[in-house]
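Below is one structure, written out as structure tokens; the observations come after it.
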Amino acid sequence: MQSPHSVLMNTVVRPETVFTRGRGAWLYDEVGLAYLDWVQGWAVNALGHSPDIVAAALARQATALVNPSPAYYNRPALDLARRLVDNSVFDQAFFASSGAEATEGAIKLARKWGQLNKGGAYEIITFVNGYHGRTIATMSATGKPGWDVYYPPQVPGFPKARFNDLASVQALIGPQTVAIMLEPVQGEGGVHPASVAFMQGLRALCDEHGLLLILDEVQTGCGRTGSLFAYQQYGIEPDIMTLGKGLGAGVPISALLAKQHACVFTPGDQGGTFCGAPLMCAVGVAVFDVLAAPGFIENVVARGEQLAAGLRQLSARFGLGEVRGKGLLVALEVGSDDALQMVETAREHGFLLNAPRAHCLRFMPPLNSTAAEIDHGLTLLGKVLAVHRSQHVSAALAEAV
Ligand SMILES: *Cc1c(COP(=O)(O)O)cnc(C)c1O
95 MQSPHSVLMN
105 TVVRPETVFT
115 RGRGAWLYDE
125 VGLAYLDWVQ
135 GWAVNALGHS
145 PDIVAAALAR
155 QATALVNPSP
165 AYYNRPALDL
175 ARRLVDNSVF
185 DQAFFASSGA
195 EATEGAIKLA
205 RKWGQLNKGG
215 AYEIITFVNG
225 YHGRTIATMS
235 ATGKPGWDVY
245 YPPQVPGFPK
255 ARFNDLASVQ
265 ALIGPQTVAI
275 MLEPVQGEGG
285 VHPASVAFMQ
295 GLRALCDEHG
305 LLLILDEVQT
315 GCGRTGSLFA
325 YQQYGIEPDI
335 MTLGKGLGAG
345 VPISALLAKQ
355 HACVFTPGDQ
365 GGTFCGAPLM
375 CAVGVAVFDV
385 LAAPGFIENV
395 VARGEQLAAG
405 LRQLSARFGL
415 GEVRGKGLLV
425 ALEVGSDDAL
435 QMVETAREHG
445 FLLNAPRAHC
455 LRFMPPLNST
465 AAEIDHGLTL
475 LGKVLAVHRS
485 QHVSAALAEA
495 V
């Protein structure tokens, strides 16, 4: 029998549950069940579900000006660009709607820069297990196993190095190389942070060979890793950076930022119908002012430490693996390929989690989580892990009989 949900294309495995309402750390379904949500739209809802400041910014801007066209200036786009530029090492911004679109813009910017400065060099070194989005070019830049055979042919020009392995990057640099692009923490790849030595080594390689360093901070930016932008924890300055996800705290807005020497677009080079429209930029301004307010990032750091410490305790209690990450982007190696089943069990316990890999769970609570909410999530996770352990024990007993 066909599910009534089959009017939607079958692009992802989803539970049958239909969600109707969200508030802060909590999500509610059609039959009224409540879930503590540590997926939060995939690290998108920086301030939890339906924050009042987002609703207020949308309402205010919706009655003032929604979309005058990208060919005219609007005040919210200027205000958001000003905030991003004043709080980073970058000089100019371009706004788009999704992370993939911003990162695709970074690829175009680097290729244009290569045309102007490096005799048409166009190769961008990217990384095994890296993730950059779902347009054809960003999929080609992505290093997810198996993605190279989706939708052939790939866009050429994205040789893959190994993450945290400087020699593997060096080996790929050639006359056609124009840039190196990476995530400071590989998010979809299972939450693997770049080491400080690796990031500083990449900066040195870029300086030595005249390459652009592009950081895809679509997942790590906007406070998620315990600083406004993750690059700030590495003592380096990238040439180009992309933002998305948390930038709009749930609404679709992304940004491409660059230092002056890399801002080489001229009129006609880049654009899009919804790029920099005031409705989403007004939300971006309101969200940014919360992220940048005194004490906000300190809470991310404190809650991140609380979460990691709690996960390490659970890992020790249940004999699981490594806890890694930065700020409130944290993963736990579960020591088996049971992570997807654990996600199911957690949902049955009113707890929404994500497994980016079969052997690891990823935790992306709202950045404004309270200590009590983090403790509550850890308690729920303890219950889920206990259920799994007892299932394994009974399965082992059944086999023994
Ligand atoms: C999610 C993500 C993207 C893609 O963003 P979309 O908004 O889904 O297009 C790109 N890069 C990184 C690092 C991401 O985590």
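For the sequence shown, the tail end lands on 495 under our numbering, and the numbers increase by one without skipping. All C-beta atoms in this analysis are idealised placements derived from N, C-alpha and C, irrespective of residue type, glycine included.
task = Give a single yes or no on whether Q248 has its beta carbon closer than 7 Å to a heavy atom of ligand 1.
result = no
query = Among S97, Q96, Y216, S262, which one has its Cα closest to the Cα of V222?
reply = S262
Element boundaries [beta strand (DSSP E), containing E427] = It spans 423-427 - the beta strand (DSSP E) in which E427 sits, taken as one unbroken run.
message = Please tell me whether, using a cut-off of 7 Å, the distance from the CB of G227 to the nearest non-hydrogen atom of ligand 1 is below it.
response = G227 Cβ: within cutoff of ligand 1.
task = Decide if V437 is buried, meaning its Cβ has at least 16 other Cβ atoms within 10 Å, or exposed.
result = buried
query = If L414 sits next to G429, beta carbons under 8 Å apart, how far is it from one beta carbon to the other, in whole angstroms?
reply = 5 Å
task = Measure the Cβ-Cβ separation of D173 and V379 and say whether it is below 8 Å.
result = yes
ask   = Just checking my contact of L422 with L401 at CB under 8 Å: how many whole Å lie between their CB atoms?
value = In this structure, L422 and L401 form a Cβ contact; the two beta carbons are roughly 7 Å apart against a cut-off of 8 Å.
query = Tell me which same chain residues have a C-beta within less than 7 Å of the C-beta of R115, skipping the five on either side of it?
reply = Beyond the five residues adjoining it in sequence on each side, R115 comes within less than 7 Å, by CB distance, of Y122 in the same chain, given in chain order.
Cβ distance (whole Å) where R441 is taken to contact P109 below 8 Å = 6 Å between Cβ atoms; contact.
query = Alpha carbon to alpha carbon, what distance is there between L306 and A480?
reply = Each residue's Cα considered, the two are about 48 Å apart.
task = Enumerate in chain order the residues of its own chain whose CB-to-CB distance from A396 is below 7 Å, with the five nearest sequence positions on each side excluded.
result = none
message = Given this structure, state the Cα-to-Cα distance separating W241 from H226, to the nearest angstrom.
response = Distance between the alpha carbons of W241 and H226 is about 12 Å.
inquiry  = With a threshold of 7 Å (Cβ to nearest heavy atom), would Q313 be considered close to ligand 1?
reply    = Yes, ligand 1 has a heavy atom inside 7 Å of this Cβ.
query = Hey, which unbroken runs of the beta strand (DSSP E) at 3 residues or more fall wholly within the region 106-190?
reply = 113-117, 120-123, 128-131, 186-190
query = Which residues does DSSP pair with H286 in a beta bridge?
reply = In DSSP, H286 forms a bridge with Q280.
message = When you measure from the CB of G338 to every non-hydrogen atom of ligand 1, does any distance come out below 7 Å?
response = yes
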